[in-house]
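In the order they appear, the protein sequences are chains A and B. All residue numbers for the first sequence refer to the working numbering, where the first residue is 1 and numbers rise by one. All residue numbers for the second sequence refer to the working numbering, where the first residue is 1001 and numbers rise by one. We put the CB at the ideal spot given by N, CA and C, even for glycine.
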Amino acid sequence: MTEPTDTPVPPAPPVDLMEQLGLRLRVSFPEFLALDDGPQAERKKRADQE
Amino acid sequence: MKIVIPTADRPASLQAVLDYYARFHPRAELVVADGSTPEVKERNRESVAQAQVAVEHQEYDADLPVFERLLRTLHTFEREFVIMGADDNYPVLETLEKARKRLIERPEAVCAGGHVVHLDVTAPGRASARLDVVRHINADNPAQRMRVFGSLPFPTSYGVARRAHVIARLEFLRTWYLRSFYELGVGLTDVARGQYVAIPELGFICTSNYVDDPPRAEEPLAYLRGADQVLAMHDAAYERAAQAPGFDGDQVRDVLSSVIGRRTAALAGAPQHQVVGFADKAPYKTPMVENARQLFRDLFAEGSAVRTQHADRLAFIADRIQQITATTANHAPAGAR
């Protein structure tokens, strides 16, 4: 017989239905707007190297 | 096409949005409807004078309610098409130009626009993005338009509209406001009058931040205390529908009762998104919504075509929000900077 364990089960994180439906994204700021792939980032990289 | 920018005491935001137009849409024609205090108006005058885009600066008494101010602004020019875009909202004019052309082709439509992405910076380093999907509302009668719109409402005011329609909308809004019903009320009264044309592209980027827009919890029973406003919105939508071709009073009453009932249920804790089966059928499970969700995901995914298309725009907006939240630029008195 399996002994019951005293280890508490952590509560499940709250479900954000809007996220599940693809209508909301949790993002960091400002990184989410200035990812390293845009033309502006490219220009900045070039300027930094000059 | 004129773009009307309401602003009041947010000089850094106004500066940011003027710079945005100069950078991304330098041929835009702007009208700033300024209800700031005198010191901030002075700062805004400087921003307008230095702007690299055509801007008319209209100054109004700071005590004048915003919708009165906008009504006065709209009566100062004759252009047929108008975009209303506040100082923290960034329109994608490539999309809205398509919307304008569709309105020319479709005289029965009153407004048109693309999908709306809301960027809400809620704390230093934290933000969320939210998507509002626009949909075609093109039935010939007002009851059916309100039924389709009410099944999955979206903000109808972020786009292009006929100037006469915006004036009618503002005439309504100067007598009516209830925060929890605002977008629904505007949308219902819009589609009561005519059709909405959806452009399946990114149309507007609306922003908010924790400095300028601290969270304001609404009193839980506000929608009950404001019941007279809910009924006033019902009556306004009904009256507008009654002026439209194809009006059937019983149908309109049924639809309004149903849509307002659903909104009330959402406010009481049972939003329609939680209804079993919501994700498995229209209006959610449709090509329009699926494509918009894909666009939304791609907007924040490195390497996607949508990301590449809008990366400069998003980086610009991020940079300006960062400046605004990192300083007191929107609140320091003129002359202190």
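Closer than 7 Å, Cβ to any Cβ of chain A: which residues of the region 1102-1135 of chain B, in chain order? VAL1121, GLY1125, ARG1126, ALA1127, SER1128, ALA1129, ARG1130, LEU1131
Return the CA-CA distance between GLY1159 (chain B) and SER1036 (chain B), expressed in angstroms with no decimal places. Sequence index remark: in the second sequence, residue 1159 (chain B) carries index 159 (1-based). Sequence index remark: in the second sequence, residue 1036 (chain B) carries index 36 (1-based). Distance between the alpha carbons of GLY1159 (chain B) and SER1036 (chain B) is about 25 Å.
8 Å Cβ cutoff met for VAL1211 (chain B) and ASN1330 (chain B): Reading the second sequence from its first residue, position 211 is the one you call residue 1211 (chain B). Reading the second sequence from its first residue, position 330 is the one you call residue 1330 (chain B). For VAL1211 (chain B) and ASN1330 (chain B), yes; Cβs fall inside 8 Å.
When the cut-off is 8 Å and only beta carbons count, does PHE1300 (chain B) lie next to chain A? Indexing the second sequence from 1 puts residue 1300 (chain B) at position 300. At least one chain A Cβ lies under 8 Å of PHE1300 (chain B).
Closer than 8 Å to chain A by CB, PHE1263 (chain B): In the second sequence, counting from the first residue as 1, residue 1263 (chain B) sits at position 263. As written in the sequence, residue 1263 (chain B) is Arg, which differs from the Phe given in the question. With 8 Å as the cut-off, ARG1263 (chain B) does not count as an interface residue toward chain A.
As assigned by DSSP and simplified to three states, the class of GLY1113 (chain B): Position 113 of the second sequence holds residue 1113 (chain B). Of the three classes helix, strand and coil, the one that applies to GLY1113 (chain B) here is strand, per DSSP.
Any residues in the region 1064-1093 of chain B with a beta carbon nearer than 8 Å to a beta carbon of chain D? Which ones, in chain order? In the displayed structure, chain D is absent; the protein chains listed are A and B.
Assuming contact is defined by CB atoms lying nearer than 8 Å, are THR22 (chain A) and ARG1297 (chain B) in contact in what I supplied? Translated into the one-based positions of the first sequence, residue 22 (chain A) becomes position 22. Translated into the one-based positions of the second sequence, residue 1297 (chain B) becomes position 297. Reading off the sequence, residue 22 (chain A) comes out as Gly, not Thr. Cβ atoms of GLY22 (chain A) and ARG1297 (chain B): closer than 8 Å.
Could you tell me whether the Cβ atoms of ALA1016 (chain B) and VAL1053 (chain B) are closer together than 8 Å? For the purposes of this step, residue 1016 (chain B) is identified with residue 16 of the second sequence, where counting begins at 1. For the purposes of this step, residue 1053 (chain B) is identified with residue 53 of the second sequence, where counting begins at 1. No, these two residues do not count as a Cβ contact at 8 Å.
Pick helix, strand or coil for PHE1149 (chain B), following the three-state DSSP scheme. Reading the second sequence from its first residue, position 149 is the one you call residue 1149 (chain B). The answer is helix: DSSP assigns PHE1149 (chain B) an H, G or I state.
For ARG1170 (chain B) and LEU1071 (chain B), which I take to be in contact (beta-carbon distance under 8 Å), what is that distance rounded to the nearest angstrom? Here residue 1170 (chain B) refers to the residue found at position 170 of the second sequence. Here residue 1071 (chain B) refers to the residue found at position 71 of the second sequence. Note that residue 1170 (chain B) is Leu in the sequence shown, not Arg. Yes, LEU1170 (chain B) and LEU1071 (chain B) are in contact; Cβ-Cβ is about 5 Å, under 8 Å.
Does HIS1025 (chain B) come within less than 8 Å of chain A when only Cβ atoms are used? Residue mapping note: residue 1025 (chain B) aligns to position 25 of the second sequence, counting from 1. Answer no: the Cβ-Cβ gap between HIS1025 (chain B) and chain A never drops below 8 Å.
Buried/exposed call for ALA1282 (chain B), threshold 16 Cβ in 10 Å: In the second sequence, residue 1282 (chain B) corresponds to position 282, counting from 1. So ALA1282 (chain B) counts as exposed.
Are any of the Cβ atoms in chain A nearer than 8 Å to that of HIS1057 (chain B)? On the second sequence, residue 1057 (chain B) is found 57 positions in, with the first residue counted as 1. No, its Cβ sits nowhere closer than 8 Å to a Cβ of chain A.
Three CB pairs or more closer than 8 Å across the region 1212-1232 of chain B and the region 1128-1138 of chain B: no
Quick one: list the residues of chain A neighbouring GLN1272 (chain B), beta-carbon separation under 8 Å, in chain order. Mapped onto the second sequence, residue 1272 (chain B) falls at position 272. Result: empty, since nearest Cβ-Cβ is about 11 Å, beyond 8 Å.
Out of B:VAL1082, B:ARG1045, B:ALA1236, B:SER1157, state which residue places its alpha-carbon closest to the alpha-carbon of ALA1192 (chain B). Counting from one through the second sequence, the residue named residue 1192 (chain B) turns up at place 192. The candidate whose alpha carbon is nearest that of ALA1192 (chain B) is B:ALA1236.
Just list the residues that DSSP pairs PHE1081 (chain B) with in beta bridges. Numbered from 1 along the second sequence, position 81 holds the residue referred to as residue 1081 (chain B). B:ARG1162.
Using a Cβ cut-off of 8 Å (strictly closer), state whether PHE1247 (chain B) contacts chain A. Residue 1247 (chain B) sits at position 247 when you count from the first residue of the second sequence. No, no contact with chain A.
Going residue by residue through the region 1042-1070 of chain B, where are the continuous beta strand (DSSP E) segments of at least 3 residues, counting only ones entirely within it? 1054-1059
Out of B:GLN1251, B:VAL1186, B:ALA1265, B:VAL1134, which one is the CA nearest neighbour of ASN1291 (chain B)? Taking the second sequence and counting its residues from 1, one reaches residue 1291 (chain B) at position 291. The residue with the shortest Cα to Cα distance from ASN1291 (chain B) is B:VAL1134.
Which residues of chain A have a Cβ atom closer than 8 Å to the Cβ of GLN1243 (chain B), listed in chain order? For this step, residue 1243 (chain B) is matched to residue 243 along the second sequence. Within 8 Å Cβ-Cβ: nothing; GLN1243 (chain B) doesn't reach chain A, min ~34 Å.
Going by C-alpha distance, which of B:VAL1082, B:PHE1081, B:ALA1008, B:LEU1103 is nearest GLN1058 (chain B)? For the purposes of this step, residue 1058 (chain B) is taken as the residue at position 58 of the second sequence. When each option's Cα is compared against that of GLN1058 (chain B), the closest is B:ALA1008.
For chain A, is any of its Cβ atoms less than 8 Å away from the one on ARG1145 (chain B)? The residue you call residue 1145 (chain B) lines up with position 145 of the second sequence. Taking Cβ atoms only, chain A never reaches closer than 8 Å to ARG1145 (chain B), which makes this a no.
Looking at chain A, is there any beta carbon in it that lies within less than 8 Å of the beta carbon of ARG1395 (chain B)? Missing from the structure shown is residue 1395 (chain B); chain B here goes from 1001 to 1337 and no further.
Measuring alpha carbon to alpha carbon, tell me which of B:VAL1004, B:GLU1042, B:LEU1074, B:PRO1026 ends up nearest PRO1011 (chain B). Within the second sequence, numbered from 1, the residue matching residue 1011 (chain B) stands at position 11. For the residues B:VAL1004, B:GLU1042, B:LEU1074, B:PRO1026, the minimum Cα distance to PRO1011 (chain B) belongs to B:GLU1042.
Give a yes or no on whether the C-beta atoms belonging to PHE1081 (chain B) and LEU1103 (chain B) are separated by under 8 Å. Taking the second sequence and counting its residues from 1, the one referred to as residue 1081 (chain B) is at position 81. Taking the second sequence and counting its residues from 1, the one referred to as residue 1103 (chain B) is at position 103. Result yes, Cβ atoms of PHE1081 (chain B) and LEU1103 (chain B) sit closer than 8 Å.
Quick check: the Cα distance between GLN40 (chain A) and ARG1130 (chain B), rounded to an integer number of angstroms? One-based indexing of the first sequence puts residue 40 (chain A) at position 40. One-based indexing of the second sequence puts residue 1130 (chain B) at position 130. Reliability of the predicted coordinates at GLN40 (chain A) is poor, the pLDDT of 46 falling under 50, and the value obtained from them is presented with this limitation in mind. When rounded, the distance between both Cα atoms is 24 Å.
Using 8 Å for Cβ pairs, my map puts CYS1206 (chain B) next to HIS1118 (chain B). What's the rounded Cβ distance? As a position in the second sequence, residue 1206 (chain B) is number 206, starting the count at 1. As a position in the second sequence, residue 1118 (chain B) is number 118, starting the count at 1. Yes, they are in contact, since the Cβ atoms of CYS1206 (chain B) and HIS1118 (chain B) sit about 5 Å apart, within 8 Å.
Amino acids of chain A, ordered along the chain, whose beta-carbon sits closer than 7 Å to that of ALA1322 (chain B): As a first step, residue 1322 (chain B) is located in the second sequence; it is residue number 322 there, counting from the start. Reading the sequence as shown, one finds Gln at residue 1322 (chain B) and not Ala. Here the neighbours are PRO30.
Got a sec: which bits of the region 1204-1234 of chain B sit with their beta carbon under 7 Å from any beta carbon on chain A, in order along the chain? none
Entirely within the region 1263-1300 of chain B and at least 4 residues each: give me those alpha helix (DSSP H) ranges in chain order. 1287-1299
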